[in-house]
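Per full-length UniProt numbering, residue 1 is the first one in the sequence shown, and the count goes up by one each step. Glycine included, every Cβ here is placed at the ideal spot set by N, Cα and C. Every value quoted in this text rests on a predicted model; they were computed, and no experiment measured them.
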Amino acid sequence: MALKFPSAEWTAAFKDAVNANAAYREAGKGWTHGKVAYVVKADPKLGTDRDMAMLLDLHAGECRNAEYVDGDAAQSADFVIVAEYPKWREVLSGAVDPTKAMMQNKLKLQKGHLGTIVKFVVASKELAKSATVIDTQYPD
């Protein structure tokens, strides 16, 4: 059964998909830089009147925890990446490379050090690739 994106159920499935991705485990093994939040901007078409986020506790190639939280709670992350729903859909469905999206300002690094993100380009790509294995219902 397809999981609605964004949602708590989808976020839990994303954690499992990340942990099942051996390529992410290898590429992310040097990541000791803290939590990452993927913030989806509020969108009435999605039924959200506030920003929502997937707060990922990433460490050494593992996703130790993943929570679906509001945008305010996401600010506790060390790295906060923000985008409108259509941009997240493009990245997490595999249609657009996450690094390219960030460099084109489609995904915005609101908090965190860009140089650190750049060092983990392969890990970022593998995180996004992990999402492609989830049976996802993207609202149109």
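Let me make sure I understand the geometry here. Which of the options has the alpha-carbon closest to that of residue i?
i, options, result
"residue 99", "69, 61 and 118", "118"
"residue 12", "56, 49, 24 and 22", "56"
"residue 53", "16, 5, 63 and 97", "5"
"residue 84", "51, 120 and 123", "51"
"residue 121", "135, 71, 108 and 97", "97"
"residue 41", "131, 18 and 110", "110"
"residue 129", "20, 139, 72 and 3", "20"
"residue 49", "64, 72, 66 and 17", "72"
"residue 140", "28, 134, 43 and 25", "43"
By a C-beta neighbour count over all protein chains shown, 10 Å radius and 16 as the cutoff for buried, is residue i buried or exposed?
i, result
"residue 114", "exposed"
"residue 47", "exposed"
"residue 89", "buried"
"residue 1", "exposed"
"residue 87", "buried"
If you run the structure through DSSP and keep just helix, strand and coil, what is residue i?
i, result
"residue 49", "coil"
"residue 91", "helix"
"residue 5", "coil"
"residue 84", "coil"
"residue 57", "strand"
"residue 65", "strand"
"residue 16", "helix"
"residue 11", "helix"
"residue 70", "strand"
Next item on the list: Would you be able to state if there are at least three C-beta pairs under 8 angstroms between the segment 89-104 and the segment 71-79?
Entry: no
Check: What are the uninterrupted segments assigned as beta strand (DSSP E) that are 3 or more residues long and contained completely in the segment 107-131, given in chain order?
Finding: 108-111
Notebook entry, point to check: Touch check for the segment 32-42 and the segment 57-75: three-plus C-beta pairs under 8 angstroms?
Noted result: yes
Check: Would you call the segment 102-110 and the segment 125-136 touching, i.e. three or more CB-CB distances under 8 angstroms?
Finding: no
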